[in-house]
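Engineer:
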Amino acid sequence: MSSNEWPLWEVFIRSKQGLSHKHVGSLRAADAENAINNARDVYTRRSEGISIWVVESKLISASDPKEADSLFDPADTKIYRHPTFYEVPDGVLHM
Amino acid sequence: MKDINIEEKEREFQAKIDADIKIEPNDWMPAEYRKTLIRQISQHAHSEVVGMLPEGNWITRAPNLRRKAVLLAKVQDEAGHGLYLYSAAETLGSDREASIDDMHAGIAKYSSIFNYPTLSWADMGMIGWLVDGAAISNQVPLCRCSYGPYARAMVRVCKEESFHQRQGYEIATTLANGTPEQKAMAQESFNRWWWPALMMFGPTDAASKHSALSMKWKIKRVSNDELRQQFVNVTVPQAELIGLTIPDPDLNWNEEKQGYDFGTINWEEFNQVVQGNGPCNKERLDARRQAKENGMWVREAALAHAEKRKAKMAS
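Quick mapping for you: the protein sequence lines, in order, are chains A and B. Quick note, in my numbering, the first sequence goes up one by one and the last residue is 103. Quick note, in my numbering, the second sequence goes up one by one and the last residue is 740.
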């Protein structure tokens with residue numbers, strides 16, 4: 009890798025007021041301001057957003073897909089956390 | 426012991442693919458799957474970037490302000506497409522800089538269509554209509570590709586390409602309905618782009634060396650010949666509607682297959698262009714190399730500026 013390659017940034021866009029920022033992709037930029045400007049040009053050319061977050065990719069910690077089973081399986085067996093688990097007599101309204 | 430482990434992983438991987446579960450960057454994948462995707466995605470990225478050159482040739486000579494604004498927006502989109510794709514390749518561990526250098530050295534390929542010259546304004550119409558049209562036919566099935574980041578990039582690209590094709594067809598229509606000279610210009614341009622556009626789908630299924638594995642891995646969903654046939658079927662009526670003649674004496678509607686039969690593609694020409702002997706191969710690579718060299722100071726200056734600001738904020 010050449011030494012003057014710009015760092016990699018992840019880009020998050022809020023599409024409209026009231027919605028959360030969503031990951032849309034990544035780009036390279038010299039610094040945060042440069043990354044926001046580039047993200048504006050690359051990811052919002054057709055009014056896709058009203059707000060941009062950027063974060064350097066190397067700062068993101070991610071869960072390991074190999075550990076997905078041990079991390080997420082426990083939730084699968086706890087169906088009593090969902091409202092559909094419970095029986096409600098016929099005729100009950102507003103519940 | 427290790428081999429059994431890999432076999433097991435490959436089985437699990439194929440089971441995910443068969444169940445249409447997307448593969449994401451940190452998931453285990455066979456080395457060959459990774460390699461195939463890096464090759465395909467970076468070639469695709471290079472094509473988007475080199476693809477700006479034939480159209481860039483006409484920005485300063487667009488016939489009016491509307492056409493100029495549209496062409497600028499289209500070329501800017503192509504730069505964006507290149508970026509989405511380089512980013513997707515990077516998620517597989519591809520080194521963007523090295524892959525660009527491979528293209529500049531002639532080791533990595535890009536779509537051979539961009540090695541043809543743009544000789545008249547009508548070519549802007551044909552590129553949008555035929556070249557982007559063929560690209561869309563190729564890219565729509567890629568939106569369902571098994572590799573998540575590539576599929577997501579393709580969704581964005583396809584949304585944007587449909588404007589490209591329409592603006593091209595609008596240019597072609599305007600010329601075809603214009604003066605006899607304008608109509609002749611459109612036909613002459615159509616004659617030059619028709620066959621190279623058909624070549625964009627790549628070698629015939631019988632001759633395509635990467636196809637079988639790519640289909641099994643759902644990187645590729647539809648074969649080259651099927652995509653080419655679909656493109657001919659939709660494009661011929663579009664040409665007829667605006668009074669352009671398909672430059673193929675063997676073109677005939679085949680009632681039985683509900684599609685057009687068409688003449689044999691000049692594969693010798695295709696191979697020559699792929700091998701670097703097309704009309705503009707050298708010019709395109711020179712332009713890319715110069716763009717990198719001449720733009721290097723911008724990269725360096727931006728980095729120096731960022732460093733300086735960081736230092737200032739720290740003090």
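Glycine residues also receive a C-beta, built at the ideal position from the N, C-alpha and C atoms.
Go ahead and pull the three-state DSSP assignment for Lys30 (chain A).
Structural biologist: Here Lys30 (chain A) carries a strand assignment [DSSP, helix/strand/coil].
Engineer: Opposite Ile21 (chain A) in the DSSP bridges: which residues?
Structural biologist: A:Lys30, A:Ile60
Engineer: Could you check which residue in B:Pro455, B:Ile448, B:Ala444 has the C-alpha nearest to that of Asn430 (chain B)?
Structural biologist: Measuring from the Cα of Asn430 (chain B), the nearest candidate turns out to be B:Pro455.
Engineer: Which residues mark the beginning and the end of the beta strand (DSSP E) in which Asn677 (chain B) is found?
Structural biologist: 677-679
Engineer: Go to Gly684 (chain B), then tell me how far its beta strand (DSSP E) extends in each direction, as first and last residue.
Structural biologist: 684-686
Engineer: Do you know how far the Cα of Phe93 (chain A) is from the Cα of Ala38 (chain A)?
Structural biologist: 52 Å
Engineer: If we define contact as Cβ-Cβ less than 8 Å, is Arg724 (chain B) a contact residue for chain A?
Structural biologist: For Arg724 (chain B), at least one C-beta of chain A is nearer than 8 Å to its own C-beta.
Engineer: With a threshold of 8 Å between beta carbons, is Asn12 (chain A) in contact with chain B?
Structural biologist: yes
Engineer: Look at the alpha carbon of Met103 (chain A) and the alpha carbon of Ser562 (chain B), and state the distance between them as a whole number of angstroms.
Structural biologist: Taking the CA atoms as reference points, Met103 (chain A) sits about 50 Å from Ser562 (chain B).
Engineer: Hey, does Met79 (chain A) have any beta-carbon neighbour from chain B nearer than 8 Å?
Structural biologist: Checking the displayed sequence, the identity of residue 79 (chain A) turns out to be Leu instead of Met. So no, Leu79 (chain A) is outside the interface.
Engineer: DSSP state of His569 (chain B), grouped into three classes?
Structural biologist: According to the sequence shown, residue 569 (chain B) is Arg rather than His. Correct three-state label for Arg569 (chain B): coil.
Engineer: Count the other CB atoms within 10 Å of the CB of Asp673 (chain B); is the residue buried (16 or more) or exposed (fewer)?
Structural biologist: buried
Engineer: Could you check whether the segment 599-614 of chain B touches the segment 526-539 of chain B, counting it as contact only if at least three pairs of C-beta atoms, one from each stretch, sit closer than 8 Å?
Structural biologist: no
Engineer: Step through the CB atoms of chain A and report whether any lies within less than 8 Å of the CB of Ser519 (chain B).
Structural biologist: no
Engineer: Hey, is Ser571 (chain B)'s beta-carbon within less than 8 Å of any beta-carbon in chain A?
Structural biologist: By this cut-off, Ser571 (chain B) is not an interface position.
Engineer: For Leu27 (chain A), which option in A:Glu13, A:Thr52, A:Ile58 has the closest C-alpha, if you only look at C-alpha atoms?
Structural biologist: Considering only alpha carbons, the answer is A:Ile58.
Engineer: At 3 residues or longer, what runs of the beta strand (DSSP E) sit wholly inside the segment 429-462 of chain B?
Structural biologist: none
Engineer: Just to confirm my understanding: we take Asn677 (chain B), look at its own chain, exclude 5 residues before and 5 after, and list those with CB closer than 6 Å. What are they?
Structural biologist: Asp686.
Engineer: Is Val500 (chain B) closer than 8 Å to Glu473 (chain B) when the C-beta atoms are compared?
Structural biologist: no
Engineer: Against chain A, does Leu666 (chain B) count as a neighbour if the rule is that its beta carbon must be under 8 Å from one of theirs?
Structural biologist: Leu666 (chain B) does not count as touching chain A.
Engineer: Return the first residue and the last residue of the alpha helix (DSSP H) that Thr604 (chain B) is part of.
Structural biologist: Per DSSP, Thr604 (chain B) belongs to no alpha helix (DSSP H) and is neither H nor E.
Engineer: I'd like the list of long-range same chain contacts for Leu582 (chain B), defined as Cβ closer than 7 Å, with 5 residues on each side in sequence excluded.
Structural biologist: Note that residue 582 (chain B) is Val in the sequence shown, not Leu. Closer than 7 Å at Cβ, skipping near neighbours: His506, Tyr509, Gln564.
Engineer: Would Ser571 (chain B) and Trp642 (chain B) qualify as a contact pair, given that the criterion is a beta-carbon distance under 8 Å?
Structural biologist: Judged by their CB atoms, Ser571 (chain B) and Trp642 (chain B) are nearer to each other than the 8 Å cut-off.
Engineer: Checking 8 Å against the spacing of the C-beta atoms, do Ile442 (chain B) and Ala514 (chain B) come in under that value?
Structural biologist: no
Engineer: Who does Arg36 (chain A) pair with in a DSSP beta bridge?
Structural biologist: A:Leu16
Engineer: Is Ile644 (chain B) helix, strand or coil when you go by DSSP?
Structural biologist: coil
Engineer: Can you give me the Cβ contacts of Val699 (chain B) inside the same chain, cut-off strictly under 8 Å, excluding the 5 residues immediately before and after it?
Structural biologist: Lys534, Ser537
Engineer: Would you check if the distance between the CB atom of Ala70 (chain A) and the CB atom of Asn658 (chain B) is smaller than 8 Å?
Structural biologist: no
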